[in-house]
Amino acid sequence: MALRVFNTLGGKKERFEPLEPGRVRMYVCGPTVYDACHIGHARSVVVFDVIARYLKAKGFEVTYVRNFTDVDDKIIDKANQLGIDSMAVAEKYIKEFYNDMDALNVERATIEPKATEHINQIVQFVEKLIQKGFAYRINGDVYYSVEKFNEYGKLSGRRLEDMEAGARVDIDERKQNPFDFVLWKSAKPGEPAWESPWGMGRPGWHIECSAMSNEYLGETFDIHGGGKDLCFPHHENEIAQSESVSGKLFVKYWIHNGFVNINQEKMSKSLGNFLMIKDVLKIYHPETVRLFLLSNHYRSPIDFTDKALDEAKTGLDKIYALLERIEKEIGVQPDQNIEPGDCWQRFSDAMDDDFNSARGIGMLFDTVRSMNRLLDQKKNHGSPEIKKAAQSDHSDILRIGSILGILMESPKVYFKRKQTRVLERQSIDPDVIDQMIAERDQARKAKNWAKSDQIRNQLADMNIVLEDRSEGTIWKIND
RNA sequence: GGCGGCAUAGCCAAGUGGUAAGGCAGCGGUCUGCAAAACCGCUAUUCACCAGUUCGAAUCUGGUUGCCGCCUCCA
């Protein structure tokens, strides 16, 4: 099946055909590093991580560029607040970004450029814009003139005339149009600054993406992504800058992800409800967070609630439990040489439809249920048919996991770690549990159900759930 | 004021013309000493409302209502 993607430019799903067959070049706007990453960053980064993984799985050679904005007013403000150098602020939060994203099992992009390491390219880009008459100087500042670009507004579907009516824009009398934006900003004393034909200064926000994408992906490339909020003005401005210089189409497919709400509310400074990734990860397994983030279509808003996260956790446990069951009962081990089967095919069909991970996850649970059903019919466990089916599903589930970035641990390790975590939190000694289970076993053998149930209830109060299986009693933890 | 999105069972959610995926919760059943887990069955004759197009619409068109986002830094 052919891959289809929703293109913000044009507003509809289109068949995906990269400029160069077999190769995909994509650029995703990374963070401005002035603070820790919140769950909204996580969504964007995870969504595009999955898109890149899926494209690779489909056989494309993917060049993925994700930048860091490491010079910016907000970074400077933060530096002043902390009384440290702005580069130190950027460094600190880049480090935190990697900590968070590594924890979330996000793969590194092919190239992760920083604005401050591309000042030459940026200056040259601005010079070209001035030469071509799209930009003008006011003392040490350089502005882009939106009226010079006929197609300004084509991405976000706005027209300059419409916006002026009610826009809440600071009127800067020096600008030719209120929507003109800064390409190069002159430095005040103490601010980070680089030399330029217009004096010491720093790049405006939008220009770095035009300059760096051009540097690594060329004048025209396949996919440009980011959060929905970047559509205007950031991406609109990137198009204006890049297409003014090249005279060519900048990006073929624009992909924008929706927001994360917290209990139905937008995250905002005033509500003080920013959820930081590192805090979320103190409570939830990274794979739980990923499964949650991918359980809605990437373009829809998603609501972060404890209930939703608990459901994701239950779902993840269920998948791991099946993997463990297959491995134990059928003796199947992970094997990457097994050909993709029906399960993968259904998942892949869902992903081909605008990266519909939500539907794909539905397909995954379908497989989990049917495999459990098959395994419930105990009598045939030795049969070659069951073994083959189990092997195929097992391998497909792991393959799907490798796209979603989940199921990376062996089930044994996953459940063990979970136990350790919860037991430590509750300060329970696992030996005590084993002792109690042994004691209960004795009682059961003596058919002393009262005592047996009493022990089980005691354990239940410690969040320990028993399962009496034919091969013996096992215990699981409720976290 | 301008632009855009959304409205599907108790909750979450997929579904863009062919007769409602999946998850969670609940109830009943199989299994079990009883449970747990797993599985099976039940839970939307119906997709905010009204009108229209069509042999046929949750899906298309027009309108109404409600919610949300963007237009200012924002993933």
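The C-terminal residue of the first sequence carries number 479 in the working numbering, and the numbering is unbroken. Just so you know, even glycine gets a beta-carbon here, dropped at the ideal spot from N, CA and C.
task: Measure the alpha-carbon distance for S44 versus G10 and round it to whole angstroms.
output: Locating residue 44 in the first sequence gives position 44, where the first residue counts as 1. Locating residue 10 in the first sequence gives position 10, where the first residue counts as 1. If I take the Cα positions, the gap works out to 21 Å.
message: Just list the residues that DSSP pairs M276 with in beta bridges.
response: Along the first sequence, one-based indexing puts residue 276 at 276. M276 is bridged to H38.
message: Less than 8 Å between the C-beta atoms of V245 and F221, yes or no?
response: As a working note, residue 245 is residue 245 in the first sequence. As a working note, residue 221 is residue 221 in the first sequence. Contact flag unset, no.
message: Strictly by DSSP, which residues pair up with H224?
response: As a position in the first sequence, residue 224 is number 224, starting the count at 1. H224 is bridged to Y27, W254.
field: Which residues DSSP lists as bridging Y136, in chain order
entry: On the first sequence, position 136 is the one that residue 136 refers to. Looking at the DSSP assignment, Y136 forms a beta bridge with Y143.
R53 in three-state terms, based on DSSP: Translated into positions along the first sequence, residue 53 becomes position 53. R53: helix per DSSP, three-state reduction.
query: Just checking, does the stretch 198-207 make contact with the stretch 179-189 on the three C-beta pairs under 8 Å criterion?
result: yes
query: Going by beta carbon distance, what residues of the same chain come within less than 8 Å of A389, once the five residues before and after it are set aside?
result: Translated into positions along the first sequence, residue 389 becomes position 389. Cβ within range, chain order: M371, L374.
- prompt: For the stretch 63-109, which segments carrying the alpha helix (DSSP H) assignment without a break, of at least 4 residues, lie completely within its bounds, in sequence order?
  reply: 73-82, 86-103
message: Measuring straight from C-alpha to C-alpha, what distance separates V5 and D353?
response: As a first step, residue 5 must be located in the first sequence, where it is residue number 5. As a first step, residue 353 must be located in the first sequence, where it is residue number 353. If you take the alpha carbons of V5 and D353, they lie about 7 Å apart.
task: Taking M163 and F149 to be in contact with their CB atoms under 8 Å, please state how far apart those CB atoms are, rounded to whole angstroms.
output: To locate residue 163, count along the first sequence from 1; it is residue 163. To locate residue 149, count along the first sequence from 1; it is residue 149. Wrong, their Cβ atoms sit about 14 Å apart, outside the cutoff.
task: Report yes if the C-beta distance between A115 and E208 is below 8 Å; otherwise report no.
output: Mapped onto the first sequence, residue 115 falls at position 115. Mapped onto the first sequence, residue 208 falls at position 208. Contact: yes.
- prompt: Looking at the structure shown, is W194 part of a helix, part of a strand, or coil, going by DSSP?
  reply: On the first sequence, residue 194 is found 194 positions in, with the first residue counted as 1. If DSSP states are grouped into helix, strand and coil, W194 belongs with the strands.
task: Starting from G123, trace the alpha helix (DSSP H) both ways and give me its first and last residue.
output: Position 123 of the first sequence, counting from 1, holds the residue named residue 123. Correcting the residue identity first, residue 123 is Val in this sequence and not Gly. That run of the alpha helix (DSSP H) goes 119-131.
Under the three-state DSSP convention, the category I330 falls into: For this step, residue 330 is matched to residue 330 along the first sequence. Residue state, collapsed to three classes: coil.
task: Indicate whether V62 and M101 have their beta-carbon atoms separated by less than 8 Å.
output: Residue mapping note: residue 62 aligns to position 62 of the first sequence, counting from 1. Residue mapping note: residue 101 aligns to position 101 of the first sequence, counting from 1. Not closer than 8 Å, so no.
- prompt: Counting along the chain, where does the alpha helix (DSSP H) carrying T367 start and finish?
  reply: Your numbering for residue 367 matches position 367 in the first sequence. First-last of the alpha helix (DSSP H) with T367: 357-376.
- request: Enumerate in chain order the residues of its own chain whose CB-to-CB distance from K387 is below 7 Å, with the five nearest sequence positions on each side excluded.
  value: Here residue 387 corresponds to residue number 387 of the first sequence, with the count starting at 1. Correct list, in chain order: I330.
- request: State the beta-bridge partners of V465 as determined by DSSP.
  value: For the purposes of this step, residue 465 is taken as the residue at position 465 of the first sequence. Note: V465 sits in a beta bridge opposite K476.
- request: Determine the direct distance from the alpha carbon of H381 to that of I94, and round the result to whole angstroms.
  value: Position 94 of the first sequence, counting from 1, holds the residue named residue 94. Position 381 of the first sequence, counting from 1, holds the residue named residue 381. So the alpha carbons of these two residues sit roughly 51 Å apart.
- request: Pull up the distance between the alpha-carbon of E409 and that of Q426, whole angstroms please.
  value: Taking the first sequence and counting its residues from 1, the one referred to as residue 409 is at position 409. Taking the first sequence and counting its residues from 1, the one referred to as residue 426 is at position 426. Answer to the nearest angstrom: the Cα atoms are 24 Å apart.
- request: Between the Cα of A90 and those of A103, D72, I361, N99, spot the shortest distance and give me the residue it belongs to.
  value: Working through the first sequence from its first residue, we reach residue 90 at position 90. In this structure, D72 is the residue among A103, D72, I361, N99 with its C-alpha nearest to the C-alpha of A90.
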